[in-house]
Structure formats: structure tokens, C-alpha cells
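Asker: Mind having a look at this structure? Questions to follow.
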Amino acid sequence: MSKDMKSDYEKALKLYHKGELKKSLECCEQGISKNLKNNSVLNLKGLILYLKGDLEGAITVWKINKDFNEDEMSKTYIRDAENDSERQKEFEKARILIKDLHIKEAIESLNICRESDFNSIQVNNALALCEFKKGEYDKSRGYINKALGINKGDINTLAIKKQLDEFTETKNVKKIVVPILLICIIISSVIIMVNLKGKDDKISNSNNNIINDKEVEQKAVDKVEADISEVQEKDESKATEENIEEVKSFSSEEIEEYYIRASTYFADGNYAEARNNLDKVIKQSVGNYLNDDILFLLASTYEKLEDINNSIKYFEEYISLYEKGNYIQEVYYKLALQYKSINIEKSKQYANKLRDNYPESIYNNNNIDSILVN
44 MSKDMKSDYE KALKLYHKGE LKKSLECCEQ GISKNLKNNS VLNLKGLILY LKGDLEGAIT
104 VWKINKDFNE DEMSKTYIRD AENDSERQKE FEKARILIKD LHIKEAIESL NICRESDFNS
164 IQVNNALALC EFKKGEYDKS RGYINKALGI NKGDINTLAI KKQLDEFTET KNVKKIVVPI
224 LLICIIISSV IIMVNLKGKD DKISNSNNNI INDKEVEQKA VDKVEADISE VQEKDESKAT
284 EENIEEVKSF SSEEIEEYYI RASTYFADGN YAEARNNLDK VIKQSVGNYL NDDILFLLAS
344 TYEKLEDINN SIKYFEEYIS LYEKGNYIQE VYYKLALQYK SINIEKSKQY ANKLRDNYPE
404 SIYNNNNIDS ILVN
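When the count follows my numbering, it moves up by one through the sequence shown with no breaks and lands on 417 for the last residue.
Spelled out as C-alpha cells, the structure:
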């Protein structure tokens with residue numbers, strides 16, 4: 044291995060061990076573009092795709108390495124992955140079970156998936172979600188940590204982690220608030236008793252207190268007016284801040300935060316809020332490593348909102364920018380279905396792209412068959 048090839052591999056491997064899979068994959072691509080003889084980089088790329096759940100992509104890379112470089116490690120990887128297509132089906136089955144809230148059965152399917160490292164990020168995510176729904180929060184966090192240990196930037200993992208953090212934080216607050224409320228009730232009871240005891244004394248002094256009561260009443264009115272004024276000022280300030288937010292430049296961290304927030308809203312079925320968060324950063328995400336994820340999620344969000352025109356717009360923009368992207372199979376599938384009742388020729392065009400380029404894809408189902416036979 045040449046010095047340059049070794050440098051590319053070590054850089055990609057370092058990022059891989061740090062859990063930065065996206066950056067590691069980019070380094071692999073750069074190394075492969077320089078020299079297809081870099082068998083170590085090819086194997087690493089295949090492994091990353093394998094962990095991310097792209098079985099077809101992983102095997103394709105390993106086959107290239109086996110045929111072009113006669114690499115023995117690639118042969119081993121391909122042989123070990125023979126049963127993973129069944130695990131892929133088991134994972135899809137688990138996803139449906141989770142959606143239907145058959146958690147016990149879903150965990151059984153996911154435990155079969157855990158027999159290999161294939162798709163281990165999303166398998167751990169699914170297990171974390173199952174344990175969360177069962178109320179096993181420590182177990183859920185354990186699976187989240189496993190997923191983040193492989194890929195610390197996985198959006199699905201971060202979204203589940205955020206939900207768990209917010210939920211457990213709320214529970215802890217309740218544990219503190221309930222005793223405090225009990226103490227407040229006790230104190231209030233004591234105050235009421237004291238007030239009742241002194242009621243007779245207050246009646247005798249009532250005439251003297253009339254003037255004072257009026258003064259107190261006026262002060263209360265003044266206080267309310269001041270509070271209203273303060274609220275109005277805060278509302279105006281907030282509106283100004285929102286206007287500024289619309290035109291300000293977002294950092295990579297802020298773009299990531301908006302995307303995670305949108306993913307959480309999407310998972311919760313709050314598609315309007317998901318769209319609002321994505322709309323704020325879509326233009327400024329160009330060139331950002333999350334741009335492909337944001338485009339896909341925004342298109343999917345518009346689909347859920349039944350705004351098909353905008354959904355098609357962003358799905359087609361995704362294809363124009365990421366023809367070999369992680370979501371390309373699903374994008375072809377979605378567009379084939381969306382165009383079916385609008386433009387059958389375009390529908391067939393996308394169905395054929397899916398069928399020709401990804402013949403083993405799980406999206407090659409009866410829906411695609413029905414489009415192509417028309």
C-alpha cells in the first residue's frame with residue numbers, strides 16, 4: 044500500500060472509530076476516486092454501508108474489491124452476509140409490529156436481527172424505541188448509547204434520545220413538584236386557620252380599612268396595567284426576533300438542531316411543525332452535510348400534508364443532487380406513486396428507474412408492478 048493510500052485509509056478509519064460515519068464515508072469515496080486499488084478503503088466503505096443497513100451497496104463494494112483486487116477479506120464479508128437478506132426482512136417486519144404497537148413481537152424480530160452487525164444502528168434504534176414504549180427507560184438509553192457508539196450523528200438515534208431525555212426530565216420534575224405542592228397545601232391550611240381566628244378583630248377595624256382597601260385596589264389596577272404593557276412589549280420584541288431569525292445565517296449546529304427537531308415532530312405526526320422547522324433552514328443547508336436528509340424529510344413532510352406538488356418538487360430536487368444518495372430508492376418509489384394519477388408516463392419513468400437500477404430493492408413491490416403493466 045502506497046503512502047498516499049495508507050493516509051486515506053487511516054484518516055477514514057480514525058473517523059470511523061470516532062463514530063463519524065458520514066465523514067468517514069466521504070474520506071473513503073475520496074480515496075477510491077484516487078485509486079481503486081485501495082482495498083482497505085473499499086472494505087471500510089462496504090462495512091459502513093453494512094452497518095447503516097445498505098446491504099446491496101455493501102455487497103456491491105465488496106464484490107468490486109474481490110474481483111478487482113482479489114481481496115480475501117471482501118470474500119469473507121460477502122460470505123458472512125449471505126443470511127442478512129433474511130434479517131433485512133425481519134427488520135421490516137419489526138417496524139410494522141412497532142407501528143401496530145406489538146412491542147413484544149417486534150423485540151423478538153429485532154433480536155434475530157442482532158445476530159449480525161448488519162443494520163445495527165437502526166436495529167438498536169428500534170430496540171430503544173420498544174423499551175421506551177414499555178417504560179424501560181434505562182434499557183432504552185442503553186440501546187441509544189450503542190447506536191451512538193457506532194454513529195454519533197445518526198439523526199434517528201438523536202431524535203429518540205431527545206424524546207427520552209425530555210420525558211425522563213418531566214418525570215423527575217413531577218417527583219419534586221408533588222411534595223412541594225403538599226407542603227404548600229399544608230401551609231395554606233395553617234394560614235386559613237390563622238385568618239379565621241383573627242376575623243373578629245378585622246371586623247372591628249373595617250371602617251378604618253376602607254380607605255386602605257381603595258388604595259390597594261388602585262395599586263392592583265396600576266399593577267395589571269403595567270403587566271399588560273410588559274406583555275405587549277415582550278410580544279413586540281418576540282415578533283422582531285422572529286423576523287430577524289428569518290433572515291439570519293444559521294451555523295451547522297443550528298441547522299442540525301432544526302433538523303433533529305423536525306425529525307421529532309415528524310415522528311410524532313406533527314407534520315406542520317416539522318415543515319416549519321425545515322423551511323427555515325432548507326435554503327441555507329445547501330453545502331451542509333445534512334442537506335440530503337433535510338430535502339428528503341421536507342419532501343416526505345409535504346407528502347404527509349397532502350401537498351403533492353411541493354412533495355414532488357423536493358423529491359425531484361433530491362434526485363438532481365443525490366442520484367446515488369441513501370434515500371434514492373424510496374424517492375423513485377414515492378415519485379412513481381405520486382405521478383400515477385397525474386402523469387402515468389412520468390410514473391412509469393420512475394418505476395423503471397427503480398426496477399432497472401435496484402432490482403432487489405424492497406420497494407419493487409405490487410405497486411410498482413401495477414404501474415408498469417398499465
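We put the beta carbon where it would ideally sit given N, CA and C, even for glycine. All values derive from a computational prediction rather than experimental measurement.
Using the C-alpha atoms, what's the distance from Gly368 back to Lys277?
Answerer: With a pLDDT of only 48 at Lys277, under the threshold of 50, the placement of this residue in the model should not be trusted, and no figure is reported.
Asker: Closer than 8 Å is the cut-off here; do at least three beta carbon pairs connect the segment 192-207 with the segment 130-141?
Answerer: Too few Cβ pairs lie closer than 8 Å, so no.
Asker: His60 lies in the alpha helix (DSSP H); which residues open and close that run?
Answerer: That run of the alpha helix (DSSP H) goes Lys46 to His60.
Asker: Using only CA atoms, which one of Pro402, Asp208 and Lys326 lies nearest to Ser292?
Answerer: Nearest of Pro402, Asp208 and Lys326 to Ser292, Cα basis: Lys326.
Asker: Which full runs of the alpha helix (DSSP H) of 4+ residues lie inside the segment 84-136, going along the chain?
Answerer: Here the runs fully enclosed are 98-112 and 115-123.
Asker: Tell me whether Asn410 sits in a helix, a strand or coil according to DSSP, three-state version.
Answerer: DSSP places Asn410 in helix when its eight states are reduced to three.
Asker: Which of the three DSSP states, helix, strand or coil, is assigned to Arg157?
Answerer: Looking at Arg157 - three-state DSSP - the assignment turns out to be coil, as it is neither helix nor strand.
Asker: Quick check: the Cα distance between Cys156 and Asn386, rounded to an integer number of angstroms?
Answerer: Their backbone Cα atoms lie some 40 Å apart in a straight line.
Asker: Hey, out of Glu316, Leu170, Lys118 and Asn108, whose CA is closest to Leu79's CA?
Answerer: Cα-wise, what sits closest to Leu79 is Asn108.
Asker: In this structure, how does DSSP classify Leu144 when only helix, strand and coil are distinguished?
Answerer: It is coil, neither helix nor strand.
Asker: Just verifying my parser: in three-state terms, what is the DSSP assignment at Leu172?
Answerer: It is helical.
Asker: For Leu64, I'd like the list of residues in its chain whose CB is within less than 6 Å of its CB, leaving aside the five on either flank, ordered along the chain.
Answerer: Only Ile91 and Asn194 meet the Cβ criterion.
Asker: Does the separation of the CB atoms of Ala342 and Tyr365 fall below 8 Å?
Answerer: The answer is no: Cβ separation not under 8 Å.
Asker: If you check the beta carbons only, do Ser163 and Leu94 fall under 8 Å apart?
Answerer: In contact: Ser163 and Leu94 (Cβ atoms closer than 8 Å).
Asker: Rounded C-beta distance between Glu346 and Ser354? I'm assuming under 8 Å.
Answerer: With 8 Å as the limit, Glu346 and Ser354 qualify as a contact, their Cβ atoms being about 4 Å apart.
Asker: Could you check how far apart the C-beta atoms of Ala124 and Leu98 are, in whole angstroms? I think they sit under 8 Å.
Answerer: With a Cβ gap of about 7 Å, Ala124 and Leu98 count as contacting.
Asker: Which of the three DSSP states is assigned to Gln206 in this structure?
Answerer: Correct three-state label for Gln206: helix.
Asker: Measuring alpha carbon to alpha carbon, tell me which residue in Tyr406, Asp399, Glu403 and Lys383 is nearest Ile414.
Answerer: Among Tyr406, Asp399, Glu403 and Lys383, the Cα nearest to that of Ile414 is on Lys383.
Asker: Under 8 Å by Cβ, that's how I've got Ser117 and Asn86 pegged, so tell me the actual separation to the nearest angstrom.
Answerer: Ser117 to Asn86, Cβ: 6 Å. Contact.
Asker: When you compare only the Cα positions, how much space is there between Ile362 and Ile371?
Answerer: Computed Cα separation, rounded: 7 Å.
Asker: Which stretch, first to last residue, makes up the alpha helix (DSSP H) that contains Phe358?
Answerer: Ile351 to Leu364 is the extent of the alpha helix (DSSP H) around Phe358.
Asker: By DSSP, does Ser152 sit in helix, in strand, or in coil?
Answerer: Reduced to three states, the DSSP call for Ser152 is helix.
Asker: Alpha carbon to alpha carbon, how far is Asp335 from Tyr180? Give it in angstroms, no decimals.
Answerer: For Tyr180 and Asp335, the distance between alpha carbons rounds to 32 Å.
Asker: Could you give the residue range of the alpha helix (DSSP H) that holds Glu296?
Answerer: Note, Glu296: alpha helix (DSSP H), Ser295 to Ala310.
Asker: Taking a contact to mean a Cβ-Cβ separation below 8 Å, would you say Leu170 touches Ile150 in this structure?
Answerer: In contact: Leu170 and Ile150 (Cβ atoms closer than 8 Å).
Asker: Using the three-state DSSP reduction, which class does Gly196 fall into: helix, strand or coil?
Answerer: Three-state DSSP puts Gly196 in coil, outside helix and strand.
Asker: Please return the same chain residues whose Cβ sits closer than 7 Å to the Cβ of Ser404, not counting the five positions on each side in sequence.
Answerer: Excluding positions up to five away in sequence, the list reads Gln372 and Leu397.
Asker: Where does Ala190 land, buried or exposed, given buried means 16+ other C-beta within 10 angstroms?
Answerer: Ala190 is buried by the Cβ-count criterion.
Asker: From Ile102 to Asp110, what distance separates their C-alpha atoms?
Answerer: Answer to the nearest angstrom: the Cα atoms are 12 Å apart.
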